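Novice: Shown below is the structure under consideration.
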Amino acid sequence: MSTELAVKTEQLSRVYKVEKRGARAGEREIIALDRVDLAIPTGELFGLLGPNGAGKTTLIKILTTLLASTGGRAWVAGVDVAQNPWEVRRHINMVSGGESSGYGLLTVEENLWMFSQFYGMDGRTARTRIGELLEIVGLADRAKTKIFHLSTGMRQKMNFVRGFLTSPEILFLDEPTLGLDVQTSHKLRGFIKDWVGKRAEKTVLLTTHYMHEADELCHRVAIVHNGRILACDTPGNLKKSLQREVVFRLRVTAITNPEELFQHLQGVQRFSHEDVNGHTELNFILEDENALPPILTLIQHCHGELVSLEKRDPTLEDVFISLVGRGLGERAGGVGATEGEPG
Amino acid sequence: MSKPTRWGIFWRTVMGRAYPRVIGMQRERSWLFFDTLLPLLQVSAFVFIYRAIQAPPEFTGFVVLGGAMTAYWLNVLWSMASQLYWEKETGNLELYIMAPTSLMAILLGMAIGGIVATTVRALAVITLGLLIFRIEVSIVSVPQLLGVFLLTLVALYGLGMLFSSLFLLWGRQAWHLSNLFQEPVYLVSGFYFPVRALGFVAALGASVIPITLGLDAMRQLLFPTMMAQFRFLDVGIELGVLAVLSIGFLWLARRALTYMENLSRREGRLTIRGQ
Amino acid sequence: MTRQRAVESARSLKMAAWLGWQIESNWASPFLFAIYSIVKPIAGALILVLMYTVIAQGGLQHPLFPQIFVGNAFYIYVAMVLMGVSQAVHEDREHYGMLKYVYVAPLNIYAYLLGRGVTQAIMATVAVLIMLIFGIIVLGIPMPPATIDWGMLFAAWLFGLAGLAFQGIFLGGISLITARHSFYIGDAVAGALYLLCGAVFPIDVLPRPLQLLGQALPLTYWLEALRRALLGDGAGQLLSSLSDRALLLILAGSMVLLAVLSIGFYRWAENRAREKGLIDMQTMY
């Protein structure tokens, strides 16, 4: 990894003003990004991890010149995104999850060729690279298929190829495996890792809300919540920060109001819960193991039954819980907007 | 591989974006019926209106020419003006903007593809119209005729590019605006009658739509005798105005696109669907 | 089962009418909508006015002009209702990606398509009224209310409108199995019918083969019936031998025939679309 920065932001902010209707007419502000500072060196595979509405996609949109910031500055490949967006675009490409781009009547090959022309690639180079990439993602036999005949997974593979086709210096992947099956996701993740690993001059910024994806792929991960970066380090270091504590996962028969029961117990640092198949899954970050017996007693007292108990090494999800106070899958009360954009 | 130049990217983008328009025409053969025979029937209706009121035979020629040019007007309204809005809805727009190309190149590609596809339709209507109704033409000057036709298209599609930006800005209302412009332009541009019938002032106002002067000039070059009493302006003047309109609309389109893009980036509109 | 189907159909019609209204009335500016409602029909009429003014002897006093004006006015229904119904298929599939959900839901597709045409029919009615008022007040077309045959007017209007709606379903079937050009189908077919049904000139002027085609179209009799109801007289000689009663019977019968043909064709198109996977196709080029 080089010391040159592929991406840099300084106090980057994005605030949306949304009109309120009805009795409380006026404007309200949605803070999608709140003074974000980032420095991503060239050659890094950097992850942005956070739930829906955290601000990940807003950040990507600003860095890919689709959206203007309302405060702060950002540079991509050393170029200011606000002052010189055209120059930025020469260095980047983007793949989003759930994309429906392209034209249905054109074949896979034709759509990819068309997009390559927007980057000034000469025809022969484009066709060669299209063939190679389609082979890698397992879509070679569908090169001549019109895209309205493709399944979602195939379409996303095509989108992947579109992103890598121009061999960009900096590639933005915004939830690229969203909606894909396990096998395809695994294959594409392997492809991403390999691509960055073999090319020291390439940088990838990946947003995801899949913990294991960030854990598996990223050199460093930033945890994003409510438009702010709460922590930024390698996955290993982030997990190590919790090693003073003890992490337990319990599965019990359904109990009501677990917050009331466990939140204020001595020794419980952080706690989250989730309903899974009719059971309640409880994740505890405890000061030490002595905090466990009172929890078990309380479960018994509420006529709950312990189905399973597991002591775990801390994961990125635990890191997230420790920072935010809830799991990635849980909803925060009252927050509904997706990725900080006005609804 | 050396980095492509800005102009290199521009022209490749034009060709790349024109491709779906041209290839789509070949892959969906229903255009042979819907885009040629049916419009010809519509043109024929106006021919028979003139026959019912015993108009001179040259008026049949006026109508056939006007009918052929409606193809371009409709293409501009529906396949240019509102296209960027639909590109936004499908997610293509953000990919275009993110690429190191210009939206002008994208629009130009759309225009060229649209012109190719529409010219086939227009030629079919004219050819069939000339044959079926046995229209006699006396071409004054082929180069002038071609010049007028090409300038009219440049100006018209420049207007279409301008509309693209505006319609992207106006969002869903764009559909109704396209509808609003359709029939009134048939009227004020004199698609089916010499525009001079509107009176000088109204015809002058209508000249901002390139087809008005384009049609008048082409009629003068094809039916010089009849048009001597119905012409609006001299062909030379009309050519000049068309040239000015071409440059003007293309310049305005570029300004509008830049403004639209900046505004959309500030307000976050480029990627919000359904607005 | 029949009761369930009836409930389903009613629900489909109601929901589609509501949806059609939401789509059509989605104007940011009601003022612009008002302008659009007035300008569009008037522009169409003025084209005819100018054609007559430039060429016809007597200009607007030409004996044909009132007949032509009325025919042109009511022709608005043809374009809007045909388009409204047939374009619902195109719009829902291409632009909103909703057609597949319409098919997956327990909706009656025919009622749904007809419902989508209801708003267009209402808007067309407003446009026609504006045109007629314009014609009476500005152009001096004689149409005193006392001389109008209101019964015939209403019956002809109803039969014709229903017939148009079924033709829209027929075109919707064509939309289902074609791509980009399905957008123009309603418009293009309405334009073609413009030639053959005597909307803007008597079909007597047409060459004999086209006259025969015109006489086979329910639209021709519809416009003739409306002219007789409003003006006391039709256009041209070819249909003058038909009595008012005969005209209305032809309209009623053709409405039933169109219903059978259009639904039958749409069913066939649906099956074909299912075979080819076209129900959720998006071309977008």
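Those protein sequences? They're chains A, B and C, same order as listed. The numbering used here runs 42 ahead of the 1-based position in the first sequence. The numbering used here runs 9 ahead of the 1-based position in the second sequence. The numbering used here runs 393 ahead of the 1-based position in the third sequence. Positions of the beta carbon are idealized from the N, C-alpha and C atoms, including for glycine. Source: prediction; values computed, not measured.
(1) Quick check on S111 of chain B - is its C-beta less than 9 Å from some C-beta in chain A?
(2) Output needed for T22 of chain B: all residues of its chain with C-beta closer than 7 Å, excluding positions within five of it in sequence on either side, in chain order.
(3) For a contact defined as C-beta to C-beta under 7 Å, what are the partners of W128 of chain A on chain B?
(4) What is the residue span of the beta strand (DSSP E) that H267 of chain A lies within?
(5) Measuring CA to CA, which of C:I672, C:I416 and C:S647 is closest to L554 of chain C?
(6) In terms of alpha-carbon separation, which member of A:F313, A:I297 and A:K188 lies closest to S143 of chain A?
(7) Note down, in chain order, every chain B residue with its Cβ under 8 Å from the Cβ of L588 of chain C.
(8) Since R275 of chain B meets chain A, which of its residues come closer than 9 Å, beta carbon to beta carbon?
(9) Please report how far the alpha carbon of R312 of chain A lies from the alpha carbon of D330 of chain A, in whole angstroms.
(10) What does P203 of chain B touch in chain C if you count any residue whose Cβ is under 8 Å from its own?
(11) By the criterion of Cβ-Cβ separation under 7 Å, what are the contact partners of R38 of chain B in chain A?
(12) What's the gap between the Cα of I530 of chain C and the Cα of E71 of chain A?
(13) So if I threshold CB-CB distances at 9 Å, which residues from the region 156-183 of chain A count as touching chain B?
(14) What residues in the region 431-446 of chain C have a beta carbon less than 7 Å from any beta carbon of chain B?
(15) Just checking: is the beta-carbon of R115 of chain A within a distance shorter than 9 Å of some beta-carbon in chain B?
(16) Roughly how many whole angstroms lie between the Cα atoms of I656 of chain C and L500 of chain C?
(17) What runs of the alpha helix (DSSP H), each 4 residues or longer, lie entirely inside the region 538-613 of chain C?
(18) Can you give me the C-alpha to C-alpha distance between V78 of chain A and L272 of chain A, rounded to a whole angstrom?
(19) Cα separation between V56 of chain B and F552 of chain C?
(20) In whole angstroms, give me the CA-to-CA distance for E301 of chain A and V294 of chain A.
(21) Under 7 Å, CB to CB, which of the residues in the region 116-138 of chain B have a partner in chain A?
(22) Candidates A:P277, A:V130, A:K235 and A:L181: which alpha carbon is nearest P210 of chain A's?
(23) Which residues, in chain order, does the region 165-191 of chain B contribute to contact with chain A at a C-beta distance below 7 Å?
(24) Would you say V598 of chain C faces chain B, with C-beta separation under 9 Å as the test?
(25) Just verifying my parser: in three-state terms, what is the DSSP assignment at T79 of chain B?
(26) Looking at the strands, I want to know which residues DSSP matches up with D317 of chain A.
(27) What first and last residue would you give for the alpha helix (DSSP H) that runs through T221 of chain B?
(28) Among the residues of its own chain, which have a CB less than 6 Å from the CB of A472 of chain C, if the five just before and after it don't count?
(29) Which one of C:G607, C:A498 and C:L412 has the shortest CA to CA distance from Q513 of chain C?
(30) Of the choices B:F258, B:P66, B:Q238 and B:L47, whose alpha-carbon is the least far from that of R143 of chain B?
(31) Determine the direct distance from the alpha carbon of S91 of chain B to that of P152 of chain B, and round the result to whole angstroms.
(32) Apart from the five residues just before and just after Q460 of chain C, which ones in its own chain have a Cβ nearer than 6 Å to its Cβ?
(33) Starting from the C-beta of W179 of chain B, find all residues in its chain whose C-beta is less than 8 Å away, skip the five residues before and the five after it, and write them out in chain order.
(34) Which class does N279 of chain A belong to by DSSP, given the choice of helix, strand or coil?
(35) Chain F beta carbons: is any one of them nearer than 9 Å to that of Y28 of chain B?
(36) How would you list, in chain order, the residues of chain C whose beta-carbon sits under 7 Å from the beta-carbon of L196 of chain B?
Specialist: In terms of the structure at hand:
(1) yes
(2) T110, A114, I115 and G118
(3) P109
(4) R262 to H267
(5) C:S647
(6) A:K188
(7) L50, Q51, S53, A54 and F57
(8) L109, A110 and T112
(9) 12 Å
(10) V447
(11) Simply none; closest approach about 12 Å.
(12) 54 Å
(13) M156, F157, S158, Q159, F160, Y161, G162, M163, D164, G165 and T167
(14) V432, K433, A436, G437, L439, I440, L443, M444, Y445 and T446
(15) no
(16) 15 Å
(17) 543-570, 575-589 and 601-608
(18) 10 Å
(19) 30 Å
(20) 14 Å
(21) none
(22) A:V130
(23) none
(24) yes
(25) helix
(26) A:T322
(27) P219 to L231
(28) A583
(29) C:L412
(30) B:P66
(31) 33 Å
(32) R620 and A628
(33) L186
(34) helix
(35) Among the chains of the structure shown, chain F does not appear; the protein chains present are A, B and C.
(36) A436, L439 and I440
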